[in-house]
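**Student:** Right, I'll just put the structure down here and ask away after.
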Amino acid sequence: MTAAVFFGCAFIAFGPALALYIFTIVTEPLRIIFLIIGAFFWLVSLLFSSLIWFTTATLIGNKDEPREKYLLIFGVLISVLIQEMFRFAYYKLLKKASEGLKTINPYEKAPSMRLLAYVSGLGFGIMSGVFSFVNTLSDSLGPGTVGIHGDPPQFFLYSAFMTLVITLLHVFWGIVFFDGCEKKKWYTLLVVLLSHLLVSALHVGSYFPNHGSNPRPLHWKRRVLTTRLPKSSVCILMNFPSVNTPMSLKPK
Amino acid sequence: MVASTSASLRIDSRKFHGYELPAPGAPGHRDGARVGLERPLPEKVGIEASAQLRGKMATAGGGCVADPGSRSLLRLLSFCVLLAGLCEGNSVERKIYIPLNKTAPCVRLLNATHQIGCQSSISGDTGVIHVVEKEEDLQWVLTDGPNPPYVVLLEGTLFTRDVMEKLKGRSGRIAGLAVSLAKPSPASGFSPSVQCPNDGFGVYSNSYGSQFAHCRAFQWNKVGDGLAYEDFSFPIFLLEDENETNVIKQCYRDHNLSPNGSAPAFPLCAMQLFSHMHAVVSTVTCMRRSLIQSSFSISPEIVCDPLSDYNVWSLLKPINTSGTLEPDDRVVVAATRLDSRSFFWNVAPGAESAVASFITQLAAAEALQKAPDAATLPRNVMFVFFQGETFDYIGSSRMVYDMENGKFPVQLENIDSFVELGQVALRNSLELWMHTDPMSQKNETVLNQVEVLLSTLEQSGAGVPTVVLRRLNQSQPLPPSSLQRFLRARNVSGVVLADHSDSFHNLYYQSIYDTAENINVTYPAGQSPEEDLNFVTDTAKALAGVATVLARALYRLAGGASFNDTIQADPHTVTRLLYGFLVRANNSWFQSILRPDLRSYLGDGPLQHYIAVSSPTNATYVVQYALANLTGKVIDLTREQCQDPSQVPTENKDLYEYTWVQGPLNANETDRLPRCVRSTARLARALSPAFELKQWGSTEYSTWTESRWKDIRARIFLIASKELEAEFGSMAELLDVAGKGLNQLSVEANLQEWRLKPAFSPHCWPRACLQRA
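Quick mapping for you: the protein sequence lines, in order, are chains B and L.
Quick note: the first sequence, position 101, residue 101 per this note's numbering, numbers continuous.
Quick note: the second sequence, position 125, residue 377 per this note's numbering, numbers continuous.
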C-alpha cells in the first residue's frame, strides 16, 4: 500500500498546484519567472526565520520539553511575520518591475497586478508546500506506515490535504494582500497576517512529540489532527472569497 | 506549516542519502560500550576507511567539509547540522519506526575456502513478525502463515541446529531471525562451535599422527553443533535487552495475532533487519578484490579485513627486546588463550573458554614475581596470552612464525618447556589433568623432558591440597591448544593443564551462555559493586589453587628451589579479575590500573573477547595492564619521564615497558594518585602469517577475515499490506542507490584534501582518535 499512499498523497498535495501551473502559468514565460521569484522570496524568508529561531534556541540552550514547546510557538510567530514581510517586499519589487517593464516594452500590456498577485501567491504556496511535505512523503515510501505508537493511520492523508490547503491559502493570501496594498486598505493585510497565524498555530499541534508520558497533550493533539481540516482550512477557504475582491484568473 | 519546515530540513538531510544516522543526542544504534569496536580501521586502509566514514558523516547534515578555505561554507553547513540536531523528536519517522538499539548481529566471516555467518539484502530484509516460543509455532512460519516472508522471533532455547535447518530449508518464507536470550541457560548445553575445534591447523594431520587427526579418537566439544560455522542467507540478530524483546512481543500480540488460526488483518507488525555484507565467497576472493581496489581506485572499497589483534606477553626477568636471546638462554613458556567467540558479532563472554584460564595465569605471574629470588633464577619464564586462538591459532602461529624468522626476542630453540592452561574452571572434584602429545614423545629426549615436566608439576601440586594433578593415558592426543602450533615447528616438551580428561566439561563452549554463571561466579544479593569486587567466590579460591600450582611449577622449572612453598597465588587478585572481566569492567580496580585515555573502554557489563579486526581490543588492553600492574613495579617518575624514559639515565626502554596509569583514589575519594608502572608486559602482533605472506588460500596458517559492512541495525514498524511492499522495495532501493551515488561524489571530491592531512578530521572513530592521541 505504500506506493498507493505515496502517489495518492503526492497528487492530493501537489495535483491542484500542478494543474494551476500548467493551465495558467506556463502559457507565458514572464509568469514562470515571477513564480520562481516568488518561490525564491519564500525560501529567503524561511532562511531568515530559521536563523532567528536558531539563535534564540542556542541562546536559551535548554532542552526541556515545555521550553522547547514555547520556542516552537515563538518560531511560528516569527516565521509568519517574516513571510508576510517578504510578501510585502515582493509586492514592492513587482511594483517597480512593472514600471520597468512598461518602459522596456511600451507596446505590450504589462501583466496586471491581480495576475501578479496570483502568480506570486502560487510561487509562495508551491515552495512552502514542497518544503513542508516532501520529507513526509518520502517517509510514506515505507516500508513502514504510521501507527505503531497508536497514531491515526491516515496521517499521510491528513498531511497531504493540509499541504494542499496551505498551497491554495498562499494563493488567496497573495491576492488579498496585494489587493490591500493596491487599494491601501491596510486592515486587509492584518486579516491576512492573523489568518496565517491561526492556520500555522493549528498546524503546530501535530508536530509536538506524540508519545509522551502525559496523556492530555496526546488527546489534545489528536483532536487537532482530526478536526483541523474542516475547522480551519475549510472555513477559511469558504470565507475568503467573500472578504475578497473579485479575482481574475483568466490568462489574459 | 511554517513550524514544520525546520523538521523537514532534518529529515531531508538524513533520508535522501539512504542512511539513517543517530542524530546528536539521540540514542545511537549501537550501545555506547561497543562504540570502541564499531568498525575496524587497520592502518593500511586508514584512508579508505576514513573516506567511508566521511561518506557516512556527510549525510548527517549535507557534508561537513573541513576545508579552511571555505570557512563560511563550513559554518553554514555546521549550522545546518546543529539545526538538524535541535529538531530531533518531531520527525515523521518516529511515528513509523521503533529502532532496536540493543542488538548484536551475526556477520560474515570468511576463510580460505568458505564464507560463514549471515547477511541481509542491501536495503534490509523485512518480514512480518512471528513469535516462536515452542516448536509447534514453526508450522505457521514454514507452511501455514498467509503473509510470508516472516521474521521469526525465536526463543533462545529453540536456537538449535534442528530448528535452524528447518528454517534454512524454507528460506523463501524467512526474511530474518531475531533470537532472544534464554534465561536460564539451556540445561542440556549449547555450543555453536564445531565438535572438533581448530581441526586441520593443529599438529595432527593425515600425514602426522593420523590416528589423532580430525578428532578421530574422540570429539573434544561433544555438544558442539557447528551453527557458528554455517552460512545463512538471511540476517540473524540477537536481542540483548529484555525490554526490547517485550516491545516486539507486544507489537506482535496487538497486530499479528488472530483468533483460531485465520489470517490476521493488516496492518501487521513487521521487522526490518539490515546487515548487508560486502565480502563474498572466501578470503581469497575478498582479499583479491580489496587489493585490486586499493591499487587502482582512489577511493578503494575494501571488502574484508583479516582478523587480527595483539598477543600479550611478559618475562620474569627483563631482556633486551631490541635483539634476540643467545641460543643457550633457556626460557620456560607459560601460555594460555585470550579470545573466544559466539554466533553473534562481538558477543564473546568466554568465561570458561578463555577468561578463567588467563586470569589464573595472571595470578600465577603475580605470585611468581613475588618470589624473593625471581630475578636470580637460572632460567627465564615467559608468560604469553595468545589472541585469536579460536580462529585457527592466529596468535600462536604468528608468534612461532616470528620466532622462526628472528623477529621475536625469544627464539624457538630457547624454549625449555611449555606449560599451557586450557579450560580450568570446571573441575570435577579436585582433578587437574595433564595433557601431553604422544607423537613428540616418540623421541627419547622429549619423552624424558616431558617426564621431568610432569613430575615437577606433580611435586608442585603436592603442596596444594585443593588441586590433584592427574596423568592421562600416553596415547591420548592434545586438546586444541597453542602448544600444537609450537609442536608443528619444533619438538618442545610441553603440557596442557585442563579440567577435562577427555571431552570438555564446558557445556557452553564459545557460546553466548559462557558467562559468569557458567563457572559459578555469583555474588550474594544486596552487595554494592565495591563489595562484590572484593568478595572472594569459591571459583576464585579454586582458580587461585590452580594458579599456585602453576606458579610453583614454573618456579621449579626455572631452576628455583629455596622458596618453593612460599609462592602463593592471591585469591583476592583472582576474584577481582573475575569480577572485572565477567561482571563489570568499570570497577575501581580496573580504573586504577589503566592508562587515563583508556578509561572509556570499560563498560558497565563484562568485557567481550572476540578478536575483531581493529586492535588492540578493550580486553587485550585490560589484560596487558593487569599483567603490568600485577608483575610490575611502581617507580618514582613524573608523567613526562614515564612517557619518555630515555631521558632518565637509570631507566631502559629496551628492557622495560613504562606505563602511566590512573592509580587508586586518594583518601577523600576525590582525586586519583597517578603513577608510573615499570613492567615487561608488552604486546606482540597477532595477525596471521598468511596475510604477511599474502597466501590467502593457505592451509598452514589461519585465513579468517571479517567482511565489511556499512549499516547494521534493526527496527520494527507496521506495514499496511504485503503485496505492494515487495514491488515497492525496489523503488526505495533506487532512491537509496541514488543517495549513495551522491554521497560517493562528495567523498571523492574531498578525497584529495583528505589524503594530505588525514588527521584533520572533525570526526574519527573513538578508537582512531585515541590512537592518534
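Every residue gets a Cβ at the ideal spot worked out from N, C-alpha and C, and that includes glycine.
Keep in mind that this is a model prediction, so the values were computed, not measured.
Specify whether the region 164 to 181 of chain B and the region 118 to 126 of chain B touch according to this definition: at least 3 beta carbon pairs, one from each stretch, less than 8 Å apart.
**Tutor:** yes
**Student:** State the DSSP-derived secondary structure class of L/Ala336, mapped to helix, strand or coil.
**Tutor:** Within the second sequence, numbered from 1, the residue matching residue 336 of chain L stands at position 84. With a pLDDT of only 42 at L/Ala336, under 50, the local geometry of the prediction cannot be trusted, and no value is derived from it.
**Student:** Just confirm the distance between the C-beta atoms of L/Ala936 and L/Phe660, as a whole number of angstroms; I'd bet it's less than 8 Å.
**Tutor:** Locating residue 936 of chain L in the second sequence gives position 684, counting from the first residue. Locating residue 660 of chain L in the second sequence gives position 408, counting from the first residue. That belief holds up - the Cβ atoms of L/Ala936 and L/Phe660 are roughly 7 Å apart, short of 8 Å.
**Student:** Strictly below 9 Å CB to CB, what residues from chain L border B/Pro153?
**Tutor:** Your numbering for residue 153 of chain B matches position 153 in the first sequence. What B/Pro153 touches in chain L: Pro519, Leu970 and Ala972.
**Student:** Enumerate, from N- to C-terminal direction, the unbroken beta strand (DSSP E) stretches of 3 or more residues contained entirely within the region 339 to 383 of chain L.
**Tutor:** 350 to 352 and 355 to 357
**Student:** How many angstroms separate the CA atom of L/Gly746 from the CA atom of L/Leu479?
**Tutor:** Numbered from 1 along the second sequence, position 494 holds the residue referred to as residue 746 of chain L. Numbered from 1 along the second sequence, position 227 holds the residue referred to as residue 479 of chain L. Cα-Cα distance, rounded: 32 Å.
**Student:** So if DSSP puts B/Glu182 in a beta bridge, which residue, or which two residues, is it bridged to?
**Tutor:** The residue you call residue 182 of chain B lines up with position 182 of the first sequence. B/Glu182 is not bridged to any residue.
**Student:** In three-state DSSP terms, what is L/Cys503?
**Tutor:** Here residue 503 of chain L refers to the residue found at position 251 when the second sequence is read from its first residue. Helix, per DSSP.
**Student:** On the criterion of 16 or more Cβ atoms from any shown chain inside 10 Å, does B/Pro29 qualify as buried, or is it exposed?
**Tutor:** Numbered from its first residue, the first sequence carries residue 29 of chain B at position 29. Within 10 angstroms of the beta-carbon of B/Pro29 lie fewer than 16 other beta-carbons, which makes it exposed.
**Student:** Using the C-alpha atoms, what's the distance from B/Ile25 back to B/Phe86?
**Tutor:** Position 86 of the first sequence, counting from 1, holds the residue named residue 86 of chain B. Position 25 of the first sequence, counting from 1, holds the residue named residue 25 of chain B. Near 22 Å, if we compare the C-alpha coordinates of B/Ile25 and B/Phe86.
**Student:** Got a sec? Which residues, its chain only, sit under 7 Å from L/Thr355 by beta carbon, not counting five neighbours each side?
**Tutor:** The sequence position of residue 355 of chain L within the second sequence is 103, counting from 1. Hits under 7 Å: Phe489, Leu490, Leu491, Glu492 and Ala966.
**Student:** Report the neighbours of L/Lys347 on chain B: residues whose CB is nearer than 7 Å to its CB, in chain order.
**Tutor:** Position 95 of the second sequence, counting from 1, holds the residue named residue 347 of chain L. Within 7 Å Cβ-Cβ: Val146, His149, Asp151, Phe155 and Asn210.
**Student:** Please list, in chain order, the chain L residues whose beta carbon lies closer than 7 Å to that of B/Thr136.
**Tutor:** For the purposes of this step, residue 136 of chain B is taken as the residue at position 136 of the first sequence. Under the 7 Å cutoff, chain L gives Val344.
**Student:** With a cut-off of 8 Å, does the C-beta of B/Pro143 fall near any C-beta of chain L?
**Tutor:** One-based indexing of the first sequence puts residue 143 of chain B at position 143. Output row for B/Pro143: interface = yes.
**Student:** Tell me the residue span of the alpha helix (DSSP H) that contains L/Gly428.
**Tutor:** Along the second sequence, one-based indexing puts residue 428 of chain L at 176. Membership of L/Gly428 in any alpha helix (DSSP H) is not indicated; the residue belongs instead to the beta strand (DSSP E) covering Ile426 to Ser432.
**Student:** Using a Cβ-Cβ cut-off of 8 Å (strictly less than) and excluding sequence neighbours within five positions of L/Tyr349, which residues of its own chain qualify?
**Tutor:** For the purposes of this step, residue 349 of chain L is taken as residue 97 along the second sequence, with counting starting at 1. Contacts found: Arg967, Ile968 and Phe969.
**Student:** Does B/Thr2 get closer than 8 Å to chain L when you measure Cβ to Cβ?
**Tutor:** Position 2 of the first sequence holds residue 2 of chain B. Yes, contact with chain L.
**Student:** Can you give me the C-alpha to C-alpha distance between L/Asn816 and L/Asn904, rounded to a whole angstrom?
**Tutor:** Along the second sequence, read from residue 1 onward, the residue named residue 816 of chain L stands at position 564. Along the second sequence, read from residue 1 onward, the residue named residue 904 of chain L stands at position 652. Each residue's alpha carbon lies about 31 Å from the other.
**Student:** Which residues share a DSSP beta bridge with L/Ser560?
**Tutor:** Stepping through the second sequence from its first residue, residue 560 of chain L is reached at position 308. L/Ser560 pairs with L/Leu939.
**Student:** Less than 8 Å between the beta carbons of L/Phe442 and L/Tyr765, yes or no?
**Tutor:** If you number the second sequence from 1, residue 442 of chain L lands on position 190. If you number the second sequence from 1, residue 765 of chain L lands on position 513. It is a contact, given that the beta carbons lie within the stated cut-off.
**Student:** Who are the near neighbours of L/Gly376 in its chain, counting only those whose CB is closer than 7 Å to its CB and skipping five residues on each side?
**Tutor:** In the second sequence, residue 376 of chain L corresponds to position 124, counting from 1. The residues are Gln524, Leu525 and Phe526.
**Student:** If you follow the alpha helix (DSSP H) that L/Phe610 is part of, which residue opens it and which one closes it?
**Tutor:** Here residue 610 of chain L corresponds to residue number 358 of the second sequence, with the count starting at 1. Its alpha helix (DSSP H) spans residues Ala608 to Gln621.
**Student:** Express the C-alpha separation of L/Thr688 and L/Val599 in angstroms, rounding to a whole number.
**Tutor:** The residue labelled residue 599 of chain L in the question sits at position 347 within the second sequence. The residue labelled residue 688 of chain L in the question sits at position 436 within the second sequence. Each residue's Cα considered, the two are about 32 Å apart.
**Student:** Identify which residue in L/Arg425, L/Pro579, L/Tyr653 and L/Phe411 has its Cα closest to the Cα of L/Lys435.
**Tutor:** Looking up residue 435 of chain L in the second sequence gives position 183. By alpha-carbon distance to L/Lys435, the top candidate from L/Arg425, L/Pro579, L/Tyr653 and L/Phe411 is L/Phe411.
**Student:** Measure from the alpha carbon of B/Val204 to the alpha carbon of each residue in B/Ile36, B/Glu68, B/Phe14 and B/Gly38, then state which is nearest.
**Tutor:** Within the first sequence, numbered from 1, the residue matching residue 204 of chain B stands at position 204. Residue B/Glu68 is the option with its Cα nearest to B/Val204.
**Student:** Mark L/Asn399 as exposed unless 16 or more other C-beta atoms lie within 10 angstroms of its C-beta, in which case mark it buried.
**Tutor:** What you label residue 399 of chain L is simply residue 147 of the second sequence in a count that begins at 1. That one is buried.
**Student:** Using a Cβ-Cβ cut-off of 8 Å, state whether L/Gly314 counts as contacting chain B.
**Tutor:** Indexing the second sequence from 1 puts residue 314 of chain L at position 62. Note that L/Gly314 scores 31 on pLDDT, short of 50, meaning its location in the model is unreliable; the coordinates nonetheless yield the value given after this. Closer than 8 Å: no.
**Student:** Going by the CB atoms, is the gap between L/Ser648 and L/Arg742 shorter than 8 Å?
**Tutor:** Position 490 of the second sequence, counting from 1, holds the residue named residue 742 of chain L. Position 396 of the second sequence, counting from 1, holds the residue named residue 648 of chain L. No, Cβ-Cβ distance for L/Arg742 and L/Ser648 is not below 8 Å.
**Student:** Going straight from the alpha carbon of L/Phe453 to that of L/Glu578, what length do you get?
**Tutor:** For the purposes of this step, residue 453 of chain L is taken as the residue at position 201 of the second sequence. For the purposes of this step, residue 578 of chain L is taken as the residue at position 326 of the second sequence. Going from the Cα of L/Phe453 to the Cα of L/Glu578 covers about 30 Å.
**Student:** With a Cβ-Cβ cutoff of 8 Å, do L/His824 and L/Asn870 count as a contact?
**Tutor:** For the purposes of this step, residue 824 of chain L is taken as the residue at position 572 of the second sequence. For the purposes of this step, residue 870 of chain L is taken as the residue at position 618 of the second sequence. No; because the gap between Cβ atoms is not below 8 Å, this pair is not in contact.
**Student:** Counting only beta-carbon separations shorter than 8 Å, does B/Asp139 have a partner in chain L?
**Tutor:** On the first sequence, residue 139 of chain B is found 139 positions in, with the first residue counted as 1. Closer than 8 Å: yes.
**Student:** From this set, B/Phe74, B/Pro66, B/Phe34 and B/Val176, which residue's C-alpha is nearest B/Thr52's C-alpha?
**Tutor:** One-based indexing of the first sequence puts residue 52 of chain B at position 52. The question names Thr, but residue 52 of chain B is Ile in the sequence shown. When only C-alpha atoms are compared, the closest one is B/Phe74.
**Student:** Considering only their Cβ atoms, is the gap separating L/Cys370 from L/Pro519 smaller than 8 Å?
**Tutor:** Here residue 519 of chain L refers to the residue found at position 267 of the second sequence. Here residue 370 of chain L refers to the residue found at position 118 of the second sequence. A distance of 8 Å or more separates the beta carbons of L/Pro519 and L/Cys370.
**Student:** Does the beta-carbon of L/Lys347 have 16 or more other beta-carbons within 10 angstroms, so that it is buried, or is it exposed?
**Tutor:** The residue labelled residue 347 of chain L in the question sits at position 95 within the second sequence. Label assigned to L/Lys347: buried.
**Student:** Quick one: what's got a C-beta closer than 8 Å to L/Asp751's C-beta in the same chain, skipping five residues either side?
**Tutor:** In the second sequence, counting from the first residue as 1, residue 751 of chain L sits at position 499. Same-chain partners within the cutoff: Gly674, Gln675, Val676, Ala677, Leu678, Arg679, Asn680, Glu683, Leu684, Trp685 and His757.
**Student:** Let me confirm a value: L/Ile819 is counted as buried when at least 16 other C-beta atoms fall within 10 Å, else exposed. Which label applies?
**Tutor:** The residue given as residue 819 of chain L occupies position 567 in the second sequence. Answer is buried; the Cβ neighbour count reaches 16.
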